[in-house]
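Numbering (full-length UniProt numbering), first residue to last: 1 to 166. Beneath this line is the structure, given in structure tokens, with notes to follow.
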Ligand SMILES: [Zn+2]
């Protein structure tokens, strides 16, 4: 059990490398899932569970580094997380596969890089909207952008596990 396990965040970004024992705890507490099993296969047995030793796990909830307990609409946003939050759907036409992030209230006019002002958008809609508000462009939003939802209890449980591992 001296093996170390790579931990990816919910958004697949590299997060940490932790001892296998800690990874197994995250798995048994349903805070993470196994992405890649260790080879050769080795099953970790405890009183209650038998889990194949992982090589890479993924946290089920996004965890901020360093821990940040409050994420609200005014929080400075990561474009990657905005795309993930909106499931890569364009907030203007609803098409899947949006790869750009649009400032609802244009950046050129003071719109912020925060979760309440950013939506996923396809390149076409983003280009068409340009430096206009949705109203001015006649392109109503299909949903109101909000900070990504976080379950603080689960986040704290994850932080506790990760802190214990260091
Ligand atoms: Zn679009």
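Heads up, the beta-carbon is just placed ideally off N, CA and C, and yes, glycines get one too.
Check	Outcome
Backbone CA spacing between residue 16 and residue 59 [nearest angstrom]	11 angstroms
Touch test, the segment 85-101 against the segment 135-146, Cβ-Cβ under 8 angstroms, three pairs minimum	yes
Residue list, Cβ distance to ligand 1 heavy atoms smaller than 7 angstroms	90, 92, 93, 95, 98, 121, 122, 124 and 125
Presumed contact (8 angstroms Cβ cut-off) between residue 111 and residue 103, rounded CB distance	4 angstroms
Inter-residue Cα distance where the pair is residue 26 and residue 61	12 angstroms
Euclidean distance between Cα positions of residue 2 and residue 127	52 angstroms
Inter-residue spacing [alpha-carbon to alpha-carbon] between residue 132 and residue 121	14 angstroms
Sequence-distant residues of the same chain with beta carbon closer than 6 angstroms to residue 56, five excluded per side	6, 35 and 36
Alpha-carbon to alpha-carbon, residue 114 and residue 79	9 angstroms
Euclidean distance between Cα positions of residue 43 and residue 49	10 angstroms
Straight-line Cα distance separating residue 18 from residue 166	Because residue 166 sits at a pLDDT of 45, beneath the cut-off of 50, its placement in the model cannot be relied upon, and the point is left open.
Whole beta strand (DSSP E) elements within the UniProt domain "HNH nuclease" (77-127), 3-residue minimum	100-103 and 118-121
Pairwise C-alpha distance: residue 52 and residue 20	11 angstroms
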